[in-house]
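Sequential numbering from 36 applies to the sequence shown in the numbering used here. The beta carbon of each residue, even a glycine, is placed where N, CA and C say it ideally should be. Heads up: the structure comes next, in structure tokens.
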Amino acid sequence: MKRSTFLFSIASLLFFGQGCLGPAKGPAGPDLGVYKTLDGGQTWTHKRTLVSGPKITGAVASMSILTMVFDPQDRSTIYLGTAENGIVFTRDGGDSWQRSKSLTTGRVNAVAVDAKNKCTVYAASGNKLYKTSTCGLDWSQIFFNPRTDVSFTRIAVDWYNPTILFAGSSDGDVFRSVDSGEHWQVAKRVDGIPITSIVIDPRDSRVIYAGTQSDWIWKSADGGVTWAQIKKQFGDDLPDARRIVQIVADPVAANVVYSVSKYGILKSLDGGASWTPQKLTSPPSTMKINALAIDPKNNQRLVFAGVATLQFSDDGGASWTPKKLPTTQTGSSLLIDPLETNTIFLGTVPAPQKK
36 MKRSTFLFSI
46 ASLLFFGQGC
56 LGPAKGPAGP
66 DLGVYKTLDG
76 GQTWTHKRTL
86 VSGPKITGAV
96 ASMSILTMVF
106 DPQDRSTIYL
116 GTAENGIVFT
126 RDGGDSWQRS
136 KSLTTGRVNA
146 VAVDAKNKCT
156 VYAASGNKLY
166 KTSTCGLDWS
176 QIFFNPRTDV
186 SFTRIAVDWY
196 NPTILFAGSS
206 DGDVFRSVDS
216 GEHWQVAKRV
226 DGIPITSIVI
236 DPRDSRVIYA
246 GTQSDWIWKS
256 ADGGVTWAQI
266 KKQFGDDLPD
276 ARRIVQIVAD
286 PVAANVVYSV
296 SKYGILKSLD
306 GGASWTPQKL
316 TSPPSTMKIN
326 ALAIDPKNNQ
336 RLVFAGVATL
346 QFSDDGGASW
356 TPKKLPTTQT
366 GSSLLIDPLE
376 TNTIFLGTVP
386 APQKK
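Now the structure itself:
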């Protein structure tokens with residue numbers, strides 16, 4: 036490579052990797068994709084560089100991010116599920132992004148990484164489930180639903196025994212595999228109501244929570260063999276709490292679970308047996324929350340992404356401090372670095388159209 040060409044490539048990479056901004060300013064040009072902060076949300080950098088062979092572009096800035104997942108064994112590796120561009124991944128903490136050789140188009144609702152086998156990753160796209168054993172370079176289909184009007188919405192890998200997988204669908208099925216995705220069976224059916232969240236307890240992988248679009252939460256304590264509905268535990272005066280957006284299990288404290296719903300955020304200290312609404316900066320059922328994350332080292336530190344703001348708590352959700360998003364778009368997903376917890380990644384989707 037000529038020296039001039041090399042310098043041009045480096046200059047291009049630096050140019051497209053720029054975009055450090057405070058929370059009140061947006062970057063020039065497209066402002067979707069991924070943002071990263073190193074100081075707990077004070078300033079953000081737009082991580083938009085896409086490397087495709089010799090070509091370097093800012094294409095990630097035009098991508099809608101539906102989900103983001105760390106590789107549990109390598110926090111510099113992150114997989115993105117996008118609305119139209121399939122799977123995109125980074126090996127350098129977001130400084131640059133790459134496409135895989137397959138799964139380069141279409142909607143990817145969910146991605147899950149095997150915690151013990153570094154390069155084994157699963158993805159849900161449309162009515163199909165995919166698997167890679169090459170760290171995302173190549174993908175093969177492992178399961179499909181014959182109904183083309185049904186899509187897989189969530190996928191999870193048992194961190195203790197990664198041969199066990201769970202996948203949720205838009206018509207209310209929770210599927211289970213015990214052989215790394217070779218075969219699947221319906222473990223739970225929720226009468227046509229979409230599965231919106233599947234979470235495996237970080238202390239006991241036999242405990243699984245499945246959130247639904249309008250049928251509350253279902254919990255299994257025996258690895259998905261039997262399920263019980265968590266409904267009456269919420270009480271009768273929180274009807275919007277049945278519309279689950281996300282379930283988050285505390286990474287530090289046992290039996291602490293958060294439910295993000297149309298109502299807001301509720302917290303359980305006893306594995307879902309009882310729930311306490313968290314006081315937010317807006318009245319219940321008036322704030323749309325898309326993603327919640329907990330600091331892996333300090334479970335009193337939380338952050339959630341809404342339509343126009345990020346909100347931070349230092350007291351386990353008892354109080355919140357809002358900050359403006361570093362973009363004109365909407366926050367869709369959050370990741371907190373497990374070691375450097377002031378490092379946070381924010382995924383975005385287009386902001387709702389104003390009526």
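Other residues of its chain near residue i: CB distance less than 6 Å, five sequence neighbours each side excluded
i: G258; result: R241
i: G299; result: L315 and P319
i: S70; result: Note on identity: in this sequence residue 70 is Tyr, with Ser being the wrong assignment. Excluding residues within five positions, the ones whose Cβ falls inside 6 Å are W79, H81, P361 and L381.
i: V225; result: G207, T247 and D250
i: N290; result: D305 and G306
i: G141; result: G121 and S160
i: T356; result: F347
i: V146; result: T102, V104, Y114, G116 and A158
Separation of residue j from residue i, as counted between CA atoms
i: S213; j: D149; result: In the sequence as displayed, the identity of residue 213 is Val instead of Ser. Rounded to the nearest angstrom, the two C-alpha atoms are 14 Å apart.
i: V185; j: Y165; result: 16 Å
i: A245; j: F339; result: 20 Å
i: P65; j: D271; result: 44 Å
i: A118; j: L381; result: 15 Å
i: N334; j: R110; result: 19 Å
i: L337; j: T198; result: 31 Å
i: Q264; j: G366; result: 30 Å
i: R238; j: G351; result: 19 Å
i: S137; j: W174; result: 6 Å
i: T261; j: S296; result: 24 Å
i: V280; j: K323; result: 10 Å
i: P62; j: G93; result: Low local confidence applies: a pLDDT of 44 at P62 is under 50, so the model's placement there is unreliable, with the coordinate-based value given in what follows. P62 and G93: Cα-Cα distance of roughly 12 Å.
i: D275; j: P89; result: 50 Å
i: V95; j: K267; result: 43 Å
i: K389; j: Q220; result: 43 Å
i: I371; j: I282; result: 16 Å
i: E375; j: G128; result: 12 Å
i: V156; j: F178; result: 14 Å
i: S303; j: A288; result: 11 Å
i: A222; j: V292; result: 22 Å
i: Q364; j: V143; result: 19 Å
Residues of its chain near residue i, where Cβ-Cβ distance is below 8 Å and the 5 sequence neighbours each way are ignored
i: K358; result: P58, G76, T344, L345, Q346 and F347
i: S204; result: N180, V185, S186, F187, T188, F210, P229 and I230
i: I243; result: A191, F201, I233, V234, I235, D236, K254, S255, G258 and G259
i: K153; result: D106, Q108, D109 and C170
i: M98; result: L67, G68, L115, T117, A118, E119, N120 and V123
i: A328; result: V283, L337, V338, F339, L369, L370, I371 and I379
i: P286; result: P237, I329, P331 and N334
i: H218; result: S212
Pick from the options that is closest to residue i, judged by C-alpha positions
i: L172; options: R126, V192, N333 and S204; result: R126
i: P373; options: V104, S175, I282 and C170; result: V104
i: A386; options: V342, D349, A353 and T356; result: V342
i: S294; options: A326, V287, A288 and T321; result: A326
i: F269; options: W310, I252, D285 and I113; result: W310
i: R277; options: I252, L304, N290 and V292; result: I252
i: S368; options: A353, V384 and W355; result: V384
i: D130; options: T112, V291 and K332; result: T112
i: Y195; options: I177, S215 and R83; result: S215
i: Q133; options: G227, R142, N144 and T84; result: T84
i: G307; options: L101, Q313 and A284; result: A284
i: L301; options: S354, V287 and D330; result: S354
i: L273; options: A222, P312, Q364 and T140; result: P312
i: L101; options: T356, I91, A158 and S87; result: A158
i: T139; options: T321, T363 and S87; result: S87
Assigned secondary structure, residue i (DSSP; H/G/I helix, E/B strand, else coil)
i: S168; result: coil
i: Q268; result: helix
i: V123; result: strand
i: D275; result: helix
i: A308; result: coil
i: A158; result: strand
i: S97; result: helix
i: I243; result: strand
i: S137; result: coil
i: G116; result: strand
i: L56; result: Here the model assigns L56 a pLDDT of 43, short of 50, so the residue's position is not dependable and the matter cannot be decided.
i: K297; result: coil
i: W79; result: strand
i: P387; result: coil
Residues near residue i in its chain [Cβ-Cβ closer than 7 Å; skip 5 each side]
i: P107; result: V148 and A150
i: L73; result: N377 and T378
i: T183; result: N162
i: D349; result: Q335 and R336
i: S168; result: C154 and T155
Contact test: residue i Cβ vs the ligand MG heavy atom, cutoff 7 Å
i: I329; result: This structure lacks the ligand MG, and indeed carries no ligand of any kind.
Minimum Cβ-Cβ distance from residue i to chain D less than 8 Å
i: R277; result: No chain D is present in this structure, which holds just one protein chain.
| request: May I have a chain-ordered list of the beta strand (DSSP E) segments no shorter than 3 residues that lie completely inside the segment 348 to 379? | output: Fully contained in the segment 348 to 379 are the following beta strand (DSSP E) runs of length 3 or more, in chain order: 356 to 359 and 365 to 371.
| query | Fully enclosed by the segment 201 to 264, which beta strand (DSSP E) runs are 3 residues long or longer? | reply | 208 to 212, 220 to 224, 230 to 235, 243 to 247 and 252 to 255
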